[in-house]
Each structure stands twice: as C-alpha cells, then as structure tokens.
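Numbering-wise (the UniProt record's numbering), the sequence shown opens with residue 1 and increments by one.
Virtual Cβ for every residue (Gly too), placed ideally from N, Cα, C.
None of the values given here were measured: they were computed from a predicted structure.
Data first, discussion second: the structure below is written as structure tokens.
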Amino acid sequence: MLWIELAKIWNRSSSPFLICYHSPKDIIDTYEFDVELVTQKQTSMHGSKEGHMGYIYKRKSARSFHRAACDPLFKPAFDKVEKSAEELNDEVGAEIDQMQGTGPATRSSRRRP
1 MLWIELAKIW
11 NRSSSPFLIC
21 YHSPKDIIDT
31 YEFDVELVTQ
41 KQTSMHGSKE
51 GHMGYIYKRK
61 SARSFHRAAC
71 DPLFKPAFDK
81 VEKSAEELND
91 EVGAEIDQMQ
101 GTGPATRSSR
111 RRP
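Below, the structure is given as structure tokens:
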C-alpha cells in the first residue's frame, strides 16, 4: 500500500515535521508514521469553500536537524515558523485580521490626509 511505503520512507528521513490532510488515526495508528500531532487547523478552498482539516505532526524520535541558510527576503517568515504552533497561529491570525480590517485602498481613501 502506498501510505505504508511512504511511512517507511518518511520514518527513515530527517524531516522534523509532516504536514498533511490525513487524521492522526490514519497517520499514526494505521500507517505508523513516527510522529505526534502538534496542531490541526480547518482550511477552506478559495473558490468552492470546500473544507478540509489540515494536520501538523512533529517527529517523535530526535534527529539532528541542520538549519539551512535562508534568503533574507524570507527570513521573517522562516523565523515565525520556528515559534510554537500556538504563537505562530496567534501571530498569523493577527496579521490576517489586520489585513482584512484595513480593506483595499480606494481612490477616495488615497486622497484623504
């Protein structure tokens, strides 16, 4: 079965995280990925509004993880993902709220001092 083979390959890898749309029952119990659930988040498709639950898992066994060099353009985002899942969720949520609250610039709003 494909997922069992993927689990074997992933368990031999050095990746510290696994992100997917499969529940812990499947990923941990059925396919035996060596992970623990960090967080889950409801997602929705932009056009259809179809919803799916997304899951972030962390490897159980400690493996050495070498932090790769990061382009300065992406460093602020890269630094964010190194925080805890709760801190990251709060920070990203606040940024989204700020963007949605301001709305797009209009001609009349640009003329205001």
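- A Cβ-Cβ contact shorter than 8 Å links Ala7 with Glu32.
- Counting only residues of its own chain and dropping the five nearest sequence neighbours on each side, Phe17 has a CB closer than 8 Å to the CB of Val38, Ile56, Tyr57, Lys58 and Arg59.
- According to the DSSP secondary-structure assignment, Val35 is paired through a beta bridge with Arg59.
- Asp26 sits away from Ser61, with the two beta carbons spaced by 8 Å or more.
- Rounded to the nearest whole angstrom, the CA to CA distance from Ile19 to Gly101 is 29 Å.
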